[in-house]
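Q: Per UniProt numbering, the very first residue in the first sequence carries number 1; after that it's consecutive. Here a beta-carbon is modelled for each residue, glycine too, at the ideal position from N, C-alpha and C.
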Amino acid sequence: MTLKVLCVAEKNDAAREISRLLSNNQSSRREGLSKFNKIYEFSCEMLNNNASVSMTSVSGHLMTYDFTGPFKGWEKCPPVALFSAPILSFCPENYQPIKKTLEREAKKNEVLVLWTDCDREGENIGAEIRDVCLSANNRIRVYRARFSEITFRSIKTAIQRLESLDEKLAAAVYCRQELDLRIGAAFTRFLTLRLQKVFPADLADQLVSYGPCQFPTLGFVVDRYKQVQQFVPETFYKLKAVVMKNDISVDFSWSRGRLFNRAVTEIFLEMCQEHPTAVVSRVASKSKSKWRPLPLDTVEFEKHASRKLHINAKQAMSIAEKLYTQGLISYPRTETNLFPASMNLVPLVQEQTQDGQWGDMARQILADTPNPRRGNKSDQAHPPIHPIKYAPNLQGDEKKVYEFIVRHFLACCSKDAQGMETSVDICVSQEEFSAAGLVITQRNYLEVYPYDKWSDKNIPNFTQGESLPTERIELVEGETTPPLLLKEADLIALMEKHGIGTDATHAEHIETIKSRRYVGVQQDGTFLPGMLGMGLVEGYDEIGYNLSKPYLRAELEADLKAICLGQKNKDDVIKSMVEKYKQVFIETTANAIKIDQSLSSYFGTPEPMGPEQGDMRGGGDDLLPLAKCRSCLQFDMYFKTTREEKWILSCVGYPQCKYIVFFPSGVTHAKTESEQLCNRCPHPPVHKARLTFERGTIPYFLQGDIPNVFIGCLFCNEDIKRAGIELRNMSSHPPTVAHSHNSYQSVVPQNSFTIQDTPHNSNNNNPIASGRRDLGFDPTNPPPPVKRYSDGTSHYTKHPRVTEPPSGGDDDNFVVCNCGARANLLTVKKEGPNTGRKFYTCMTNSCKYFLWDPRSDPSMDTRPPRQDPTQMSSYVPPTGDPFMSLYPNRPDSNSHNQSVCCRCGEQAKLLTVQKQGNNHGKQFYSCPKPREQGCNFFQWADEERRDSFSPPQRGRGGNSFSKVSRGGPRLCSICRQAGHNKKNCPNSNPF
DNA sequence: GCAAGGTC
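#1: For H687, which three-state DSSP category applies?
#2: Quick check on R153: does DSSP put it in helix, strand or coil?
#3: Which word fits L484, buried or exposed, when buried means at least 16 other C-beta atoms lie within 10 angstroms of its C-beta?
#4: Where do the N-terminal and C-terminal ends of the alpha helix (DSSP H) with F433 fall, by residue?
#5: Smallest Cα separation from L338: which of E105, L296 and I319?
#6: Going straight from the alpha carbon of Q177 to that of Y581, what length do you get?
#7: Enumerated in chain order, which unbroken segments of the alpha helix (DSSP H) with a length of 4 residues or greater are wholly contained in the segment 459-509?
#8: Output the distance between the C-alpha atoms of T512 and T298, rounded to the nearest integer angstrom.
#9: Okay, do the segment 379-388 and the segment 403-416 touch, 3+ Cβ pairs below 8 Å being the bar?
#10: Does DSSP put G566 in a helix, in a strand, or in coil?
#11: Which one of L47, N124 and E110 has the shortest CA to CA distance from M63?
#12: With a threshold of 8 Å, are at least 3 pairs of Cβ atoms found where one atom belongs to the segment 60-76 and the other to the segment 571-585?
#13: If we count Cβ pairs, one from each stretch, closer than 8 Å, do we get three or more for the segment 489-509 versus the segment 212-228?
#14: Ends of the alpha helix (DSSP H) at E538?
#15: Count the other C-beta atoms from every protein chain shown that fall within 10 angstroms of the C-beta of I329, then say buried if there are 16 or more, exposed otherwise.
#16: According to the neighbour-count rule (16 or more other Cβ atoms, all chains shown, within 10 Å of its Cβ), is W254 buried or exposed?
#17: List the whole-angstrom C-beta distance separating E302 from A316, where the pair is believed to meet the contact cut-off of C-beta under 8 Å.
#18: Just to confirm the assignment: which complete alpha helix (DSSP H) runs, minimum length 4, are found wholly within the segment 183-223?
#19: Can we say the segment 90-109 touches the segment 40-49, given the rule of at least three CB pairs closer than 8 Å?
#20: So, using beta-carbon positions, are V476 and C413 closer together than 9 Å?
#21: So, helix, strand or coil for L547, using DSSP?
#22: Between which two residues does the alpha helix (DSSP H) holding E694 run?
#23: Is there contact here, the segment 524-531 with the segment 142-151, by at least three beta-carbon pairs under 8 Å?
#24: Measure how close the beta-carbons of I426 and F252 come, nearest whole angstrom, since I'm counting them as under 8 Å.
#25: Our contact map puts V173 next to I459 with C-beta atoms below 8 Å; I'd like the distance itself, whole angstroms only.
#26: Examine the Cβ distances between the segment 75-85 and the segment 186-194 and report whether three or more of them are shorter than 8 Å.
#27: Can you list, in chain order, the residues of its chain with a C-beta nearer than 7 Å to that of E542? Leave out the 5 residues immediately preceding and following it.
#28: Name the one or two DSSP bridge partners that T422 has.
#29: Are there three or more Cβ pairs, one per stretch, closer than 8 Å when the segment 253-269 is compared with the segment 442-450?
#30: Tell me the DSSP bridge mates of M55?
#31: Can we count G501 as close to the ligand PLP, meaning its CB is less than 8 Å from some heavy atom?
#32: According to DSSP, is E163 part of a helix, a strand, or is it coil?
#33: Under 8 Å: do the segment 451-467 and the segment 223-232 share three or more Cβ pairs, one atom per stretch?
#34: Note down the Cα distance separating Q364 from Q442, rounded to an integer number of angstroms.
#35: Can you tell me which of the three DSSP states F252 falls into?
#36: On the DSSP bridge assignment, give the partners of V428 in chain order.
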């Protein structure tokens, strides 16, 4: 029996090479949907079967991450919301062909073997491949091949010991990805939006970013610059003895090195000058070798290119990649600095014998057999960088880079340079001096490697015990010098030392801080911090977090390691790190003025920016959410001002969730009280709000210690209602928002509305409208097309009080539900039988009217949405709705579970939320009288927040329900305890 | 328009 196996490697090169090895050079090649990722086919033994194998590849990560909907817009949500915003995982457009190839091939095969690189990222890429393949073929069996290098032996061993994917490694990468995105985006948006406003003259178009790699890199440059600035030179003194031998003058240096006290040095000088004869105390000769370089890895390549060729790291890497794609050199991204024992270097050296400059050297190496040193690093995937083919016709920098790689390779394969070092010690009046000379005996690798310097230094022959007159003894004065400013190669070395970025990304991070104007490069290649970079680091230092230091990142790295080892759990790490960084962020925003001040020493007077500007542009202290949205329960709600400068409280889920609360015009400022939580509201935390009123507009009984200021919960406070602080709200049921690792958004709005007015009463006179809710959509008798502002024949009618939309265009998406609120035309995005279908849904949570758009493709499934008489709505959203599965809680027949809705007199049901989620098990009252008849009231059993959920037309105040239960003690409606009522409840709000 | 990590 033949087993059908799909193998997937991390990149095409690896797939090709592994196929070659597994097939004994017998694989055939065909095209995949991605032109960069071929499919290699062959047969071999696998899992004790004859396997027919298709081997293909991805190109690194298949999936990428981003925020969704409202969180994508820079000014649509406050940056702090990004710490809890949902994240969408999706396959970007240019990788779709790869994904489609995987899906297609997965369907044809029984087994999937993952051949991604054996590192953390590789494990995660493996998991991405697995998820895609399983979604196309859920019966495919998944294995992981582990190999340390792409050699016949390693590959064979791997195939005999197929394992399972290490979920821990994959999880660590998910963790890194999520944190990098949240932290980077939040800080970047905040900084950019704020500083563009504060320093419009200099930074109006400047992107000011924060990244956990770029910022510490900037920190290194600033640190060194400061060391140089703060350096105070010190004068030192030393002695020098000059001796003539065979007409050659030799400088001997003092064994005491240097002293910082002139008087003391002068005493030694006088002593020597009193008895100036030098006696040779020791002459020693020993052989010395200068080691040939180690095989070249990426980091060394970048450093050498920068130092010796004066080509910056980023540029050097892009040239190397070009040479690689031309087949001239090996893969340039490698952490390996030792050639695998199995690798045959002879043909590679052979190639270079043709060259006029280094051909002789290549021949010499072949005569001696190439023998490179073995370094101590291996990424177990790629060999060190080496030339593949001889390339005589390159020009410019390409030629320089290629030549360097060839010379370095030949130098590696050559022998160490040999020399003889002679050291001579002399004694002058008990003070010791020494000198050394060098004679190079065999240049060896130096012949081909001009980048290293090792020169002869001639000194004459001295004999131990001989006495010589000193030519002179002198006091030399010098000054200590500051450290040198960093050059690119030093910066890369520091990044490597502190684990900032990876070998593949060092050059990119350096490029980023250059392009963001954080640093500049001088003519001599040294890095100077720019005004922006300097100011940012100073500002952050002022705030007190070492964001420009590598520590925080190092802590994350340690956590990631712990995840890999199974000592920590991914979700815990994300939770704690998000919380940590969020606190840092909040403190940073609260102290943002310090950043302004630091920058103001470079960019002049800042434009004042305070908390009064409570918009999304990064300022002030309005960045705390008040609570989770009362409508969608998914997103946070924030205070903000409208264009007309009226205060509102809105859900950041807009436009997916349009819940919004309007305040009366007397409110001049609204803010979340960071320290005060409401102890009665569920779904904590619900913060109390601080509303500032215009003088004279606030009722006397609301005034507390501070005149004209109200502090209290907006969702369960009777006083608010009595005071006439009308919390008008409009909302829509939000579509499901995809969370991490979901590849779809189920529903997205076709357009977005701005809310212009309060909804009004339902139009009870419209028979079609009022009947529709009960009947649902009748497929046998499809209604006429829905028109905007229909003439009464449509299911939606224009309510006379709704303001005309400003455009006046023929906007079919704009309709008014029979409850008076706006209804949206939405499209199902989730893959399934209804993909692409459009439907209308009312924006108010308490209505949730649903209707398929009859203009949708009639061949689609036109069954009406699932109806359940116990459900609140005729529309059942896919997931995420706490009201989705509501079933009456009827365990007994006594009246204990019943209340009478005092508004309409109907008996209200006490229901229990069955669906798993935040509200699981919670009880609520629901009046069964249809909305069209003016009721359909909703209220959680354990709280009072009627206005949030009641139909807008209901009057304020008064209790809609009177309990008919006669059993048990009467409980306080605030704290649910017996013995008092809400008027004298000890837990009540003081207002 | 944000990050960093893979890779072409």
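A: Short version:
#1: Here residue 687 refers to the residue found at position 687 of the first sequence. If DSSP states are grouped into helix, strand and coil, H687 belongs with the strands.
#2: Reading the first sequence from its first residue, position 153 is the one you call residue 153. Three-state DSSP puts R153 in a helix.
#3: Working through the first sequence from its first residue, we reach residue 484 at position 484. By the 10 Å Cβ count, L484 comes out exposed.
#4: For the purposes of this step, residue 433 is identified with residue 433 of the first sequence, where counting begins at 1. First-last for F433: E431 to Q442, but that is the beta strand (DSSP E), not the alpha helix (DSSP H).
#5: Taking the first residue of the first sequence as position 1, residue 338 is located at position 338. Of the candidates E105, L296 and I319, the one whose C-alpha sits nearest the C-alpha of L338 is L296.
#6: Indexing the first sequence from 1 puts residue 177 at position 177. Indexing the first sequence from 1 puts residue 581 at position 581. Spanning the two alpha carbons is a distance of roughly 15 Å.
#7: As for any alpha helix (DSSP H) of minimum length 4 sitting wholly inside the segment 459-509, the runs are 488-498, ordered along the chain.
#8: Along the first sequence, read from residue 1 onward, the residue named residue 512 stands at position 512. Along the first sequence, read from residue 1 onward, the residue named residue 298 stands at position 298. In a straight line, the C-alpha of T512 is about 19 Å away from that of T298.
#9: Contact between the segment 379-388 and the segment 403-416 is present, because at least three Cβ pairs lie under 8 Å.
#10: Position 566 of the first sequence, counted from the start, is the residue given in the question as residue 566. Three-state DSSP puts G566 in coil, outside helix and strand.
#11: Residue 63 sits at position 63 when you count from the first residue of the first sequence. Selected option, being the one with the closest Cα: N124.
#12: no
#13: By the Cβ test, the segment 489-509 is in contact with the segment 212-228, since at least three Cβ pairs between them sit closer than 8 Å.
#14: Your numbering for residue 538 matches position 538 in the first sequence. M531 to I543 is the extent of the alpha helix (DSSP H) around E538.
#15: Numbered from 1 along the first sequence, position 329 holds the residue referred to as residue 329. So I329 ends up on the buried side.
#16: Within the first sequence, numbered from 1, the residue matching residue 254 stands at position 254. The residue in question, W254, is buried, as its Cβ has 16 or more Cβ neighbours within 10 Å.
#17: The residue you call residue 302 lines up with position 302 of the first sequence. The residue you call residue 316 lines up with position 316 of the first sequence. Going by Cβ atoms, the distance from E302 to A316 rounds to 6 Å, so yes, they are a contact pair.
#18: 200-203
#19: no
#20: By 1-based counting over the first sequence, the position of residue 476 is 476. By 1-based counting over the first sequence, the position of residue 413 is 413. Not in contact: V476 and C413 (Cβ atoms no closer than 9 Å).
#21: The residue given as residue 547 occupies position 547 in the first sequence. If DSSP states are grouped into helix, strand and coil, L547 belongs with coil.
#22: Walking along the first sequence from the start, residue 694 turns up at place 694. No alpha helix (DSSP H) contains E694, which DSSP labels as neither H nor E.
#23: The segment 524-531, when compared against the segment 142-151, does not touch it at the 8 Å Cβ threshold.
#24: Within the first sequence, residue 426 is the residue found at index 426, counting from 1. Within the first sequence, residue 252 is the residue found at index 252, counting from 1. Their Cβ separation, rounded to whole angstroms, is 6 Å, which keeps I426 and F252 in contact under 8 Å.
#25: Along the first sequence, read from residue 1 onward, the residue named residue 173 stands at position 173. Along the first sequence, read from residue 1 onward, the residue named residue 459 stands at position 459. About 59 Å; that fails the 8 Å criterion.
#26: yes
#27: Reading the first sequence from its first residue, position 542 is the one you call residue 542. So the qualifying residues of the chain are K594 and S598.
#28: Within the first sequence, the letter at position 422 stands for residue 422. Paired residues: S285 and G437.
#29: Segments in contact, no.
#30: Residue 55 sits at position 55 when you count from the first residue of the first sequence. Partner(s): C7 and Y40.
#31: The ligand PLP is not among the ligands present in this structure, which contains no ligands whatsoever.
#32: Reading the first sequence from its first residue, position 163 is the one you call residue 163. E163: strand per DSSP, three-state reduction.
#33: Of all C-beta pairs linking the segment 451-467 to the segment 223-232, fewer than three are shorter than 8 Å, placing the two stretches out of contact.
#34: Counted from its first residue, the first sequence places residue 364 at position 364. Counted from its first residue, the first sequence places residue 442 at position 442. Their backbone Cα atoms lie some 13 Å apart in a straight line.
#35: Reading the first sequence from its first residue, position 252 is the one you call residue 252. Reduced to three states, the DSSP call for F252 is strand.
#36: In the first sequence, counting from the first residue as 1, residue 428 sits at position 428. V428 is bridged to A278 and E431.
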